[in-house]
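Participant: The structure's right below; bear with me while I get my questions together.
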Amino acid sequence: TTTSRTTPAAAAVRPGGSGCGRRRRRNSRAWCRRPRASRSTRCNARAARGDAAPRPALRCAHRRDAAPRPALRCAHRRDAAAGPRAPRAATWFDRRVDPADLACALWSAAVARLDPAAIAEDAVRAADPPGPVVVVAAGKAAAGMARGAAAALGSRLAGGIVAAPEADAVPAPLRLRVGSHPVANAASERAGRALLDCVAAADPGSHVVALISGGASALAAVPAPGVSLADKVAAVSAVMAAGEPIAAINCVRKHLSAIKGGRLAAASRAPVWSFIASDVADDDLSVVGGGPTVADPTSNRDALAILDRVGAPVSPAVRRWLECGPDTPKTLPADHVVRLVCSAGAAVDAAVAAGDRVEVLGRGWTGDVADVARRLAAAARAAARDAVARGRHVLRVAQGEPTVALPPQPGRGGRAQQTALLVARAIAGVDRVAVVCAGTDGIDGNTTAAGAVVDGATWAAAGPDPAAALARCDAYGALDAADALIVTGRTGVNCADLFVVAAVP
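Take any residue in the sequence shown, count from 1 to its spot, add 402: that is its number in this note's numbering.
Written out as structure tokens, the structure is:
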């Protein structure tokens, strides 16, 4: 179950205001006067970094001096103070609407509906664990889920630790620990040890509520005995750079960890009730966040085979642990409970609920970014044809987590931006269709962008050599040159990447 968010963080990703659409050399004055939905999520990336003044809201030479029009209402948009969503008005979706605006608005509305606090509150309230209750939370949605659990538990909440990617408000008596993502650091180790200590100290007569979401594997990292954090990070980074799927990456993480692969739950003398928000394609709970509270079906031998296959640097300490050390728990006590509270496909459901006649392309898209980009480009061309044939807008969504094999010295970017630039090349010259590729967590790769929105004009505007940018995995710079980046900041949500295809007649 998902609900609309009304927090300031959610408001930051909702569309608001008005604008005059994409900046194109061929824009006529008449075209620029057409009303269209705003795209506030498409911030100027340079302004977001603070090294340049923001561009005016009206992005064409014809209307720089004009006052902005009031925001257009649409079926898939809710402002924080607007109350219940207005009835769907098909007349808004007409040929005057920029498809890039439409795609961004639907993406924003879908993310706004994914409220980890509400999801966790509903799940914990329904489970009703007897008190006293100790809460441990880890992942990109940890702070929101902790707030929801605290609201459900009330006076039964005895304390706990929250491991999150940035400073955020958590209710007392919970304590916040900030870790690093996607690469663990010393702060991640401190956060992981705090979680272990908290669980180990729980009284046998109490209950432990564990709130796990994607990102926990890097945010809370405790190396296995005899393995240094640097050795572990080097091994995991090599697997990530090879373009391996998240299941393989987290297999290595689990078997070089003292907290993952069920070891956090095994450290508790009290029953552990786990509530997990998935970000992996098949909702395998042993993979989400490295499965700290879930029995692990993989082995040390599996992890070593992955490292050898990709040619990762394996220190003597790592090899000795994987060859001779104890394996992860294969079973956990019967009083430990594991529940999926939010599927990775929830973003698709949220988009369908938020939009008007939204069609689902698929869920759980994995594989190389080039394969996912080909599917999206084909969907974009089909949507452009269907919009003309039907005489109305076409909205189609998909969810997934593609992988990128990095070159020796990669540039700035992430899997969503790499996918978007590949789509831009494939649909170059195709009119009246746009595609959003963006991570629901608001951060893609090693950048501050969530992803990008591209259309038929993006490739030509993407700098002097976008093909070279693709080759060196430097999509950020090319998309920044095309003014195509989506910058939202962290959303507090993590349901993998959401892809939106929008076309108008």
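Beta carbons are placed, not taken as given, at the ideal position from N, Cα and C, and that holds for glycine.
Predicted model only: the values in this text are computed from it and were never measured.
Can you give me the C-alpha to C-alpha distance between ALA602 and ALA818, rounded to a whole angstrom?
Facilitator: For ALA602 and ALA818, the gap between their C-alpha atoms comes out near 39 Å.
Participant: Which value, in whole angstroms, describes the spacing of the CA atoms of ALA588 and PRO567?
Facilitator: 13 Å
Participant: Can you give the Cα-Cα distance for VAL580 and VAL690, rounded to whole angstroms?
Facilitator: Each residue's alpha carbon lies about 19 Å from the other.
Participant: Within the chosen definition, does the stretch 762 to 780 reach the stretch 679 to 686 through at least 3 CB pairs nearer than 8 Å?
Facilitator: yes
Participant: In chain order, which continuous runs of the alpha helix (DSSP H) of length 4 or greater are located wholly inside the stretch 773 to 849?
Facilitator: 817 to 828
Participant: Please give the ranges of any alpha helix (DSSP H) in the stretch 644 to 726, keeping only runs that are unbroken, at least 4 residues long and fully inside the region.
Facilitator: 648 to 657, 665 to 668, 702 to 712, 718 to 726
Participant: What residue range does the alpha helix (DSSP H) around LEU597 cover?
Facilitator: 588 to 602
Participant: The beta strand (DSSP E) spanning GLU568 covers which residue range?
Facilitator: No beta strand (DSSP E) holds GLU568; DSSP gives it neither H nor E.
Participant: In three-state DSSP terms, what is ALA632?
Facilitator: In this structure, ALA632 counts as helix in the three-state DSSP scheme.
Participant: Taking the alpha-carbon positions, what's the LEU823 to PRO735 distance?
Facilitator: 48 Å
Participant: If we require 3 or more residues per run, which beta strand (DSSP E) segments fall completely within the stretch 843 to 897?
Facilitator: 853 to 857
Participant: Taking all protein chains shown into account, decide if ALA862 is buried (16 or more other Cβ within 10 angstroms of its Cβ) or exposed.
Facilitator: exposed
Participant: In this structure, how does DSSP classify ASP365 when only helix, strand and coil are distinguished?
Facilitator: Because residue 365 is not part of the residues shown, which for the chain are 403 to 907, the question remains open.
Participant: State the beta-bridge partners of GLY546 as determined by DSSP.
Facilitator: GLY546 is not bridged by DSSP to any residue.
Participant: Within 10 angstroms of the Cβ of GLU646, are there 16 or more other Cβ atoms? Answer buried if so, exposed if not.
Facilitator: buried
Participant: Under the rule that 16 or more other beta-carbon atoms within 10 Å means buried, what is ASP698, buried or exposed?
Facilitator: buried
Participant: If the criterion is Cβ atoms closer than 8 Å, does the pair ALA836 and VAL889 meet it?
Facilitator: no
Participant: For the beta strand (DSSP E) containing ASP899, name the first residue and the last one.
Facilitator: 899 to 905
Participant: Indicate the three-state DSSP secondary structure (helix, strand or coil) for ARG527 in the structure shown.
Facilitator: helix
Participant: Can you tell me whether DSSP reads ARG558 as helix, strand or coil?
Facilitator: helix
Participant: Which of the three DSSP states is assigned to PRO608 in this structure?
Facilitator: Note that residue 608 is Ser in the sequence shown, not Pro. Here SER608 sits in coil by DSSP.
Participant: Looking only at C-alpha atoms, which of ALA828, GLU591, ALA784, ALA807 sits nearest to LYS662?
Facilitator: GLU591
Participant: Among THR860, LEU872, ASP867, PRO866, which one has its Cα closest to the Cα of ALA884?
Facilitator: The candidate whose alpha carbon is nearest that of ALA884 is THR860.
Participant: Can you tell me the Cα-Cα spacing of CYS897 and CYS726, whole angstroms?
Facilitator: 36 Å
Participant: In chain order, what residues of the same chain have a beta carbon less than 6 Å from the beta carbon of SER670, not counting five sequence neighbours either side?
Facilitator: VAL601, ALA604, VAL610
Participant: On the CB-based measure, 16 or more other CB atoms within 10 Å of its CB, does SER909 come out buried or exposed?
Facilitator: Nothing can be reported for residue 909, as the shown portion of the chain is limited to 403 through 907.
Participant: Between which two residues does the alpha helix (DSSP H) carrying ARG515 extend?
Facilitator: 501 to 515
Participant: Please report the residue range of the beta strand (DSSP E) in which VAL536 lies.
Facilitator: 535 to 540
Participant: Considering just the uninterrupted stretch of the beta strand (DSSP E) at LEU621, what are its terminal residues?
Facilitator: Unbroken run through LEU621 is the alpha helix (DSSP H), 618 to 621; no beta strand (DSSP E).
Participant: Under 6 Å Cβ to Cβ from VAL902, same chain only, skipping five residues before and after it: list those, please.
Facilitator: ALA505, LEU508, TRP509, VAL799, VAL838
Participant: For VAL762, which residues in the same chain have their Cβ closer than 8 Å to its Cβ, ignoring the five residues on either side in sequence?
Facilitator: VAL750, VAL754, ARG798, VAL799, ALA800
Participant: Cβ atoms of LEU631 and VAL720: under 8 Å apart, would you say?
Facilitator: no
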